[in-house]
Amino acid sequence: MNHFGLLRILALIPAFMLVQKLHAQDFRLSNYLNENEKDVTLAVLTMLQDASEYKDSKVIIEEGVYHFYPEKAYEQYSFVSNHDNTMRRIAFPIKGFDGLTLQASGAKFIFHGLMMPFLIEDSKNVDISGFSIDWHIPLHSEALVVANDQENGSVDLKIAESFPYTIRNEKLIFIKEGYEHDLGNAILYDPLRKAVAYNTNDYTPLRMNKNIEIKNKHSFDFQNYVDLRSPEYVYQNQENILKAEELAHGLVRISGLSKSPPPVGMVLVAKGQNGDNRTANAIHINKSQDIKIHDVTIYHAGGMGVIGERSINITLDNMKIFPNPERDLMVSTTADASHFVNCKGEIIINNCNFRNQLDDATNVHGSYVIVSDVLSPNKIGVRVGHFQQGGFDFAEAGDKIGFINQKKSANIELKTTVQHVNKLNERYYIITLSENIASQLNDDYVVENLDWYPELTITNNHFADNRARGILLSTPKKTIVRNNYFSNMMSAIFVPVELTWWYESGSAQDLLIEGNTFGDCAYGGGDRPVIYIETDLDKTDYIFGNITIKNNTFTNFNPSILKANGVRYLEFSDNKIENSKSFPALYPSAHVLDVHHIDTLIIKNIDITVDFQNKLKAIDVINKVSNM
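And the structure:
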């Protein structure tokens, strides 16, 4: 189906001249190259419109610098998981394609304002390669700490000319093209290491607000569940407590800090408070199949680098996500480098370099919805658990789903098949079931889609210098993590099951972590191990299946290497553990291995430094084989 009917008026050449192989030069894109930043958006839309007429079309964009602006971009309302839903202006709307190769070797795509560079939707057999993505003005902001005052709780920030700003009602506001943000979600970077600062948790995030009273609050009449964590509610009783004062042009003092003032020489990075700081993600893959992205560099995005959902078979190969080396910046993307939600088939991440993003390198999971109402014997109303998952495609007719009583465990109690899903709005859906089992449910239950989980292969990658974790693994399908390098602010590998915040579903059942190198991890502060296998649910069940961690090298300043609970089979063998001595240990008395509630535990052939005194803590282990 051609989704570009409304764009036909943009055609620059007659229809009878359309060819299967399209060159950018035929659409006059060369006229826009390096010429006072002329807007190429309209010409690119026309080229894609014509390519959509064909199966297996090939679009070639020549080397050069291309600027994209939102004013003439294709627009649609976008539900993007783990982002903020909004109308998005899209530079490359790849919709309804059956076979497309977009080759742009050496092309540099520069974006202005709030845009989503690529949307791949309702398409299959799409291969894109060769280009880089960057923003003219970054959608986050950075400032050098040049002075601090511990006694008065203030810090002086030097703001470069590349970051426009103003002070409004004593509040520092960074100004972008059609967007602005405050000091929300701030974190410290070390400019010498080009990585998150050691123990940044002592200084950031900055506490922006204090609670204030809402008068006449008794007038509220909430008949249904209301998520008070959502942006429309969470800031209603908040008042800014940070005060900004301009000391000179580009020199601003921030007072009212509740934590210790950041050290001089560090770089303070901010992207603004939650609610509208994830609207310019780079590449969104939705309801598509057999998608390959390779030899692509993403220097920046106001959200994630690649977010794939409800899609089958996605490959990222030789992708680079890190700050543009020609610009003195600490941060690449302002959220995860990559993220995959409710996908199936196979996800492959190979030979990639993901660094300096403000969230995880990758996160692979499903999503729970929460039972809200029993409407009939075979019909239930469900609500979305987190406001940044609103509108996502939880299921469709024919999908197998399971019901979990979150007050008891993560085990599936009931299973059935979806007959129909009706989205009344982005937070509330009505699901018709194939069986009359609704009477057995109540609002203690969550619903899991059992069909949409991928096999996962993560090999030969470099994940480092970012806020948060390396990779999060929440798929029950076969998962291989091999020959990667990790050095992350928090845990390098996080294997969770949680039902309290994001409602991300899936539990690892067949996981191999082999032949990886782990540099310093969890250096941002907080008691985090390098590998963290954790559930916040009742510990009476074995939630995780078979997990093997072998032939890895850990060189860490902290002794905490592995924490795990609720695993049926856990093997930790042939691993080497060294003390990097890069930083003072934050938790010197922590155990190297700390495991709870394991059915079978195998520990063997561990080469471990004598510096770490507390080797093993094992509680509630049924079958243990260990030479530690």
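No gaps in the numbering here: position 48 of the sequence shown is 48 in the UniProt record's numbering, and each next residue is one more. Note that CB positions come from ideal geometry on N, CA and C, so glycine has one too. Keep in mind it's a predicted model, so treat the numbers as computed, not measured.
Look at residue 628 here: in three-state DSSP terms it is coil, with no helix or strand label. The region 80 to 94 and the region 109 to 117 touch, with no fewer than 3 CB-CB distances between them shorter than 8 angstroms. In the three-state scheme derived from DSSP, where H, G and I count as helix and E and B as strand, residue 44 is classed as helix. Just measuring C-alpha positions, the residue of 166, 230, 373 and 65 sitting nearest residue 247 is 166.
Out of 144, 255, 506 and 156, the CA that lies nearest to the CA of residue 330 is found in 144.
At the C-beta level, residue 464 and residue 491 stay beyond 7 angstroms of one another. With contacts defined by Cβ atoms closer than 7 angstroms, residue 406 and residue 341 do not form a contacting pair. Separation of the CB atoms of residue 433 and residue 478 is rounded to 29 angstroms, and the pair is thereby denied contact status at 8 angstroms. Residue environment: residue 212 is assigned as exposed (fewer than 16 neighbouring CB atoms within 10 Å of its CB, all protein chains considered).
With fewer than 16 other Cβ atoms inside 10 Å of its own Cβ, residue 105 counts as exposed.
No Cβ-Cβ contact shorter than 7 angstroms links residue 216 with residue 171. Here residue 543 is not near residue 570, since their CB atoms are 7 angstroms or more apart.
Annotated three-state conformation of residue 73 is coil, per DSSP. Put simply, the backbone Cα of residue 160 is about 39 angstroms away from that of residue 348.
Take residue 72, set aside five residues on each side of it, and the residues of its chain with a beta-carbon closer than 6 angstroms to its own are 41 and 42, in chain order. Look at residue 200 here: in three-state DSSP terms it is helix.
Note on residue 232: under 16 other CB atoms within 10 angstroms of its CB, so exposed under the neighbour-count rule. Residue state for residue 232 is assigned as helix, using DSSP reduced to three classes. Less than 7 angstroms divides the Cβ of residue 295 from the Cβ of residue 129.
By the Cβ-count criterion, residue 466 is buried, with 16 or more other Cβ atoms from all chains shown falling within 10 Å of its own Cβ. Here residue 218 carries a helix assignment [DSSP, helix/strand/coil]. Beyond the five residues adjoining it in sequence on each side, residue 587 comes within less than 7 angstroms, by CB distance, of 527, 558 and 560 in the same chain, given in chain order. In the displayed model, residue 557 falls within coil according to three-state DSSP, outside both helix and strand. If you draw a straight line from the Cα of residue 280 to the Cα of residue 602, it comes to about 45 angstroms. In summary, residue 593 is buried, with 16 or more beta-carbon neighbours lying within 10 Å of its beta-carbon over all protein chains present. Here the C-alpha atom of residue 529 lies approximately 39 angstroms from the C-alpha atom of residue 164. Three or more Cβ pairs closer than 8 angstroms define a contact, and the region 247 to 258 falls short of that threshold against the region 272 to 279.
In this structure, residue 458 sits away from residue 495, with a CB-CB distance that is not shorter than 7 angstroms.
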